[in-house]
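What follows is one structure encoded as structure tokens, with my remarks underneath.
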Amino acid sequence: MSWSSQLKFRGDSLDTLLKEFFSTVVSEAANLIALWMSVGFAHGVCNTDNFSLLSITIDYGPFGFMDSYDPNFVPNTSDDERRYKIGNQANVGLFNLSKLLQALKPLLDPRQKQLASQILEGYGERYYIRFTELFKAKLGLLGENEDDNYLIAFVLKLMEDTKADFTMTFRQLSEITEDQLKKLHIPEEFWALQDLSKHKLFSEWVTMYLLRLNRNKGDSDTKRRTRMTRQSTCQFIFWVTDITNDEDTMNKAFPPVFTKAALTCVTLYVNTDTEATQLSCLAMV
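Take the numbering used here: the final residue in the sequence shown is number 763, and no numbers are missing along the way.
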């Protein structure tokens, strides 16, 4: 049975099947890379054979998570040309999808090729939409506002200039109160925000941010911080390490909280002074 006959067996036209298949691959690839960016994850080797049609992260090689925010971060020391730097991952995703389309073209007629090309052209918009959604969540923003993209770009630029820690900046924004921000009083324990506050434009960004938070209908500072903590900010970043197979040693090295987090891969349980707080994990990359 030919390839086209197998597809038609479902009863759909080739045009419908192509649109469904390729649209899903393009959309989910854009979503995945946006998720990478939202947690500061750099894959390191984004060549075509390391991309999955399922849009899951595969081939864990020289990957890394950003410490200080740097769009030029490259975890792969052999990547001298910085092709796979974290700030270029979305572009590489588009390149890889174009190679997938190139491989499919011998199976397509002229009309289907045109349809597939149109689908691929929508990749950038899909990535941008998902990227914005994720970073709005990290900032605790609800609803839509025309200045949201600028607000996100603004804080990322401040982080880049001050070399503020990527993960902890957002984490501490979820913990600091709006009143503390309004007074520009950054407690010592919020060390990442203290780094950010050294930028001459920090107060301008805070003013814009607080005005935007005030537009969150039906929201409160407590709700905002709880939402950001549980849904959009990481508490732990997993890393690769060699461990012994000795059960006793492993139990000592990895307290139950970390073992639980590693086993569930969906939920992180974090010990606080008073209780175990359940945190949803944004993305397990």
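Ideal Cβ positions, reconstructed from N, Cα and C, are used throughout, including at glycine.
When DSSP states are grouped into helix, strand and coil, GLY565 belongs to the helix group.
Rounded to whole angstroms, GLY565 and ASN550 show a C-alpha spacing of 6 Å. Residue environment for GLN650: buried (at least 16 other C-beta atoms within 10 angstroms of its C-beta). In its chain, beyond the 5 residues on either side, SER652, GLU653 have a beta carbon closer than 7 Å to the beta carbon of ARG703.
Following the DSSP letters along the chain, one finds ALA670 inside the alpha helix (DSSP H) bounded by residues 669-675. Each residue's CA atom was taken as its position, placing ILE536 and ASN528 some 6 Å apart.
Around the C-beta of ASP657, fewer than 16 other C-beta atoms lie within 10 Å, and the residue is accordingly described as exposed. Residue environment for ARG608: buried (at least 16 other C-beta atoms within 10 angstroms of its C-beta).
Counting along the chain, the unbroken alpha helix (DSSP H) around MET686 starts and ends at 680-691.
Looking at the DSSP output, ASP643 bridges to SER546. Taking TYR605 as reference, the option from LEU578, GLN567, LEU659 with the minimal CA-CA separation is GLN567. The region 677-691 makes contact with the region 617-631, as at least three CB pairs between them are under 8 Å.
ASN574 and THR610 do not touch by the CB rule: their CB atoms are close to 22 Å apart, not below 8 Å.
In this structure, GLY518 places its C-beta atom within 7 Å of the C-beta atom of PHE543.
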